[in-house]
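Asks:
So, in structure tokens, the structure goes:
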């Protein structure tokens with residue numbers, strides 16, 4: 493039976509997030525992947541999960557819940573750099589899908605983070621993609637090229653057909669390579685967080701680990717930074733993966749939220765890590 497990952501607690505916030513990175517309303521099929529081979533993700537030593545039942549793409553939602561071990565209380569902040577395949581005209585008219593101030597704040601606060609980037613975003617902001625990708629404090633992971641959904645009925649997003657899913661994922665890695673991003677991670681976040689067994693099967697040959705989350709920040713379209721901060725702090729547990737956004741027009745308070753959340757979680761004894769470290773910690777507990 494096909495199981496869509498849609499948590500009731502996150503539905504409203506996630507729906508807003510998808511509206512933030514939505515489309516003009518016209519369903520456009522992503523262009524085929526270039527004939528040149530996509531650059532390989534990070535080396536095999538990068539922590540990944542073993543394939544799921546039947547060899548399906550594995551799905552990671554959070555790290556170990558235990559605290560007081562050598563790993564301590566770990567939490568990963570993740571940021572979706574969303575831009576859909578058909579949003580070029582909006583960017584050309586002045587809409588900003590990047591957030592340099594957020595990245596600068598993460599650097600100032602010395603916070604490791606994982607950025608799930610669409611290939612279209614990397615094409616629009618190649619200098620920023622390259623700067624993030626070359627900073628050892630960050631890691632770039634795959635959020636598809638098009639930000640079109642990999643299932644039907646995913647918050648109104650246009651869809652990628654099953655036979656184009658792998659090409660859409662690989663085209664994002666090609667875009668990262670053209671932008672000068674070294675060693676993008678073998679992690680994939682489904683647009684909208686929507687997936688089913690068919691999507692997991694189609695992507696299994698790529699070797700990626702699908703990365704979801706267990707804490708929705710609610711930062712998309714939010715104007716009350718305090719409310720978003722409370723939602724994050726109330727949701728975080730040891731091993732949590734927090735989903736936020738790196739798009740200033742769609743998530744204007746995220747940088748302010750980070751400035752509030754980081755010192756408070758550190759006061760509570762949390763240590764910020766990238767997703768790769770959380771997956772490594774999870775592998776070590778098996």
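Numbering (the numbering used here), first residue to last: 493 to 778. All C-beta atoms in this analysis are idealised placements derived from N, C-alpha and C, irrespective of residue type, glycine included. What you are looking at is a predicted structure, and each value in this text was computed from that prediction instead of being measured.
#1: Taking Cβ positions, are residue 603 and residue 630 nearer each other than 7 Å?
#2: Is residue 676 closer than 7 Å to residue 636 when the C-beta atoms are compared?
#3: DSSP three-state call for residue 682: helix, strand or coil?
#4: Using the rule of at least 16 other Cβ atoms within 10 Å of the residue's Cβ for burial, across every protein chain shown, is residue 653 buried or exposed?
#5: With residue 768 as the anchor, note down where its alpha helix (DSSP H) starts and where it stops.
#6: From the DSSP output, which residues share a beta bridge with residue 701?
#7: In terms of DSSP beta bridges, what is residue 762 paired with?
#8: Taking all protein chains shown into account, decide if residue 514 is buried (16 or more other Cβ within 10 angstroms of its Cβ) or exposed.
#9: Can you tell me whether residue 584 is buried or exposed, with buried defined as 16 or more other CB within 10 angstroms of its CB?
#10: With a cut-off of 8 Å, do at least 3 Cβ pairs link the region 573-589 to the region 606-620?
#11: So, for residue 565: in the same chain, excluding its five sequence neighbours on each side, which residues have a beta-carbon less than 6 Å away from its beta-carbon?
#12: Which runs of the alpha helix (DSSP H), 4 residues or longer, sit entirely within the region 632-677?
#13: Just the Cα atoms here: how many angstroms apart are residue 541 and residue 555?
#14: Using only the alpha-carbon positions, how far apart do residue 743 and residue 643 sit?
#15: Can you check which of these residues, 686, 622, 685, 691, is closest to residue 655 by C-alpha distance?
#16: Can you have a look at residue 755 and say buried or exposed, based on whether 16 or more other CB atoms are within 10 angstroms of its CB?
#17: Exposed or buried, residue 600, counting other C-beta atoms within 10 Å across all chains shown (16 or more means buried)?
#18: Taking only beta-carbon atoms, is residue 672 less than 7 Å away from chain C?
#19: Assign residue 572 to one of three DSSP states: helix, strand, or coil.
#20: Which one of 700, 553, 699, 709 has the shortest CA to CA distance from residue 752?
#21: Could you spell out the range, first to last residue, of the alpha helix (DSSP H) harbouring residue 724?
#22: Should residue 570 be labelled buried (16 or more other beta-carbon atoms within 10 Å of its own) or exposed?
#23: Use the C-beta contact count for residue 557: other C-beta atoms within 10 angstroms, 16 or more gives buried, fewer gives exposed.
Replies: According to the data block:
#1: Counted from its first residue, the chain shown places residue 603 at position 111. Counted from its first residue, the chain shown places residue 630 at position 138. The answer is no: Cβ separation not under 7 Å.
#2: Translated into positions along the chain shown, residue 636 becomes position 144. Translated into positions along the chain shown, residue 676 becomes position 184. In this structure, residue 676 does not lie closer than 7 Å to residue 636 by Cβ.
#3: As a working note, residue 682 is residue 190 in the chain shown. Looking at residue 682 - three-state DSSP - the assignment turns out to be coil, as it is neither helix nor strand.
#4: Numbered from 1 along the chain shown, position 161 holds the residue referred to as residue 653. The residue in question, residue 653, is exposed, as its Cβ has fewer than 16 Cβ neighbours within 10 Å.
#5: By one-based count along the chain shown, residue 768 stands at place 276. First-last of the alpha helix (DSSP H) with residue 768: 767-776.
#6: For the purposes of this step, residue 701 is taken as the residue at position 209 of the chain shown. 679, per the DSSP bridge assignment.
#7: What you label residue 762 is simply residue 270 of the chain shown in a count that begins at 1. Answer is 565, bridged to residue 762.
#8: Stepping through the chain shown from its first residue, residue 514 is reached at position 22. Since pLDDT at residue 514 reaches only 40, below the 50 mark, its modelled position is unreliable, and the value read off the structure follows with that caveat. Result: buried.
#9: Reading the chain shown from its first residue, position 92 is the one you call residue 584. When all chains shown are included, residue 584 counts as exposed.
#10: yes
#11: Along the chain shown, read from residue 1 onward, the residue named residue 565 stands at position 73. So the list reads 559, 730, 761, 762, once near-sequence residues are dropped.
#12: 654-671
#13: As a first step, residue 541 is located in the chain shown; it is residue number 49 there, counting from the start. As a first step, residue 555 is located in the chain shown; it is residue number 63 there, counting from the start. Going by the C-alpha atoms only, they are around 12 Å apart.
#14: Your numbering for residue 743 matches position 251 in the chain shown. Your numbering for residue 643 matches position 151 in the chain shown. Approximately 25 Å between the Cα atoms of the pair.
#15: Indexing the chain shown from 1 puts residue 655 at position 163. Here the closest residue by C-alpha is 691.
#16: Translated into the one-based positions of the chain shown, residue 755 becomes position 263. The residue is exposed, with fewer than 16 neighbouring Cβ atoms inside 10 Å.
#17: As a first step, residue 600 is located in the chain shown; it is residue number 108 there, counting from the start. Exposed.
#18: You won't find chain C in this structure, because it holds only one protein chain.
#19: On the chain shown, position 80 is the one that residue 572 refers to. Here residue 572 sits in strand by DSSP.
#20: Residue 752 sits at position 260 when you count from the first residue of the chain shown. Ranking 700, 553, 699, 709 by Cα distance to residue 752 puts 709 first.
#21: Here residue 724 refers to the residue found at position 232 when the chain shown is read from its first residue. Segment 717-727, the alpha helix (DSSP H) holding residue 724.
#22: Numbered from its first residue, the chain shown carries residue 570 at position 78. Burial call: buried.
#23: As a working note, residue 557 is residue 65 in the chain shown. So residue 557 counts as exposed.
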